[in-house]
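Colleague:
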Amino acid sequence: MESPITEEEVLGVIKDLRKGSAPGPDGLSIPYYKSFGHILAPHLTSFFNSKTNIMRGTRQGCPLSPLIFAIVIETLAIAVRHNTDIKGVICGDQTHKCGLFADDILLFLTSPLTTLPNLCLMLEKFAKISGLEVNFSKSQALNVSLPPQTISSIKQSFKFKWSDTSICYLGITLTAKTETLYTHNYPPLFKKLEADLVQWSKHELSWLGRINSIKMTLLPRLLYFFRSLPIPIKKENLSEVKSTERKQQTEITLGALDWKCTL
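Number 45 in full-length UniProt numbering belongs to position 45 of the sequence shown; there are no gaps in the numbering.
Shown next as structure tokens:
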């Protein structure tokens with residue numbers, strides 16, 4: 001070879017090739033493979049022979065997926081609300097039976113000897129139609145006012161994860177007594193906020209970085225608890241957050257914020 005092969009030479013050779021003479025990766029032409037393709041085809045395409053039944057579902061990441069799920073799960077909520085054999089909690093002139101947030105369902109039930117059998121029967125019918133089954137071994141149940149004799153017999157018939165003190169729903173700890181809501185929710189939250197402040201002290205942040213860190217991480221968590229829990233927050237409890245921050249030798253400071261109790 002007197003000189004390197006140029007791009008023009010390669011293009012010229014390709015244009016001058018006769019029809020059907022273009023080589024494959026191994027230098028052999030397409031007609032060569034066609035001569036015995038009928039022998040290889042059954043082995044190469046055997047996975048297409050079995051039929052695949054597409055029952056339901058969407059592609060990964062399809063925006064229709066959560067919308068379809070919300071529509072389907074709402075039918076279950078409507079069925080629960082309209083079933084007179086499933087007793088809910090009466091508040092004024094309204095009866096509350098269930099709360100929905102995506103696939104997290106919270107039920108408020110009374111008369112469990114009548115309600116629970118009818119509820120389980122409805123969930124079984126819903127599972128046969130939709131394919132969405134409830135894992136009862138992971139479903140939590142909290143007794144609020146039933147006597148020990150009644151609750152012991154119910155526990156034997158319904159294999160929920162029974163709790164006598166609290167259950168967790170959407171990050172909120174729900175307790176059997178309203179007096180213990182504060183101790184089960186706010187002190188753990190304050191510890192998490194303090195741990196975040198300690199972690200942030202290892203990094204150098206600008207004033208804008210400090211403000212954004214507070215606005216995007218600390219305040220939303222506090223506001224979520226304020227709005228979700230119907231309990232009063234004392235002024236000294238808010239000052240506890242402020243004093244926790246002052247103990248940390250960090251440049252992320254909440255000292256410029258004026259905490260006020262509006263409850």
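For glycine and all other residues, C-beta sits at the position ideal for the given N, C-alpha and C.
So for Gln60, helix, strand or coil by DSSP?
Modeller: The count along the sequence shown starts at 1 and reaches residue 60 at position 60. Here Gln60 sits in coil by DSSP.
Colleague: Looking at the unbroken beta strand (DSSP E) that takes in Ser163, where does it start and where does it end?
Modeller: Here residue 163 refers to the residue found at position 163 of the sequence shown. Segment Lys161 to Ser163, the beta strand (DSSP E) holding Ser163.
Colleague: Leaving aside the five residues before and after Gln149 along the sequence, list all residues of the same chain whose C-beta is less than 7 Å from its C-beta, in chain order.
Modeller: Taking the first residue of the sequence shown as position 1, residue 149 is located at position 149. Contacts found: none.
Colleague: Going by the beta-carbon positions, is the gap between Ile86 and Leu123 smaller than 8 Å?
Modeller: By 1-based counting over the sequence shown, the position of residue 86 is 86. By 1-based counting over the sequence shown, the position of residue 123 is 123. Not closer than 8 Å, so no.
Colleague: Compute the minimum distance between the beta carbon of Gly88 and the heavy atoms of the ligand MN, and state whether it is under 7 Å.
Modeller: No copy of the ligand MN appears in this structure; indeed no ligand is present at all.
Colleague: What are the boundary residues of the beta strand (DSSP E) that includes Thr95?
Modeller: Your numbering for residue 95 matches position 95 in the sequence shown. Element bounds for Thr95: Gln94 to His96.
Colleague: Just mark Leu263 as buried or exposed, buried being the case when its beta carbon has 16 or more other beta carbons within 10 Å.
Modeller: Taking the first residue of the sequence shown as position 1, residue 263 is located at position 263. Caution applies to Leu263, whose pLDDT of 42 falls short of 50 and renders its modelled position unreliable; the value that the coordinates give is listed next. With fewer than 16 other Cβ atoms within 10 Å, it is exposed.
Colleague: Report the three-state DSSP secondary structure of Trp259 (helix, strand or coil).
Modeller: Taking the first residue of the sequence shown as position 1, residue 259 is located at position 259. No answer about Trp259 holds up, because its pLDDT of 42 lies below 50 and its placement is not dependable.
Colleague: Is it true that the CB of Phe136 sits closer than 8 Å to the CB of Leu76?
Modeller: Your numbering for residue 76 matches position 76 in the sequence shown. Your numbering for residue 136 matches position 136 in the sequence shown. In this structure, Phe136 does not lie closer than 8 Å to Leu76 by Cβ.
Colleague: Write down every uninterrupted run of the alpha helix (DSSP H) in the region 146-182 whose length is 4 residues or greater and which is fully enclosed by it, in chain order.
Modeller: List check, alpha helix (DSSP H) in window: 148-157.
Colleague: With 16 as the cutoff for other CB atoms within 10 Å, does Asn212 come out buried or exposed?
Modeller: Translated into positions along the sequence shown, residue 212 becomes position 212. Label assigned to Asn212: exposed.
Colleague: Flag this pair as touching only if the region 139-157 and the region 185-204 have three or more C-beta atom pairs under 8 Å; answer yes or no.
Modeller: Output reads no: the region 185-204 does not touch the region 139-157.
Colleague: Along the beta strand (DSSP E) that carries Ala141, what are the first and last residues, could you check?
Modeller: By 1-based counting over the sequence shown, the position of residue 141 is 141. Counting along the chain, the beta strand (DSSP E) containing Ala141 begins and ends at Gln140 to Leu142.
Colleague: Report the residue from Cys91, His38, Asp104 and Arg81 whose alpha carbon sits nearest the alpha carbon of Phe69.
Modeller: Here residue 69 refers to the residue found at position 69 of the sequence shown. Taking only the C-alpha atoms, the option nearest Phe69 is Asp104.
Colleague: In three-state DSSP terms, what is Ile214?
Modeller: Counting from 1 along the sequence shown, the entry for residue 214 is found at position 214. In this structure, Ile214 counts as helix in the three-state DSSP scheme.
Colleague: Give the straight-line distance between the Cα atoms of Ala176 and Cys168, rounded to the nearest whole angstrom.
Modeller: Indexing the sequence shown from 1 puts residue 176 at position 176. Indexing the sequence shown from 1 puts residue 168 at position 168. If I take the Cα positions, the gap works out to 12 Å.
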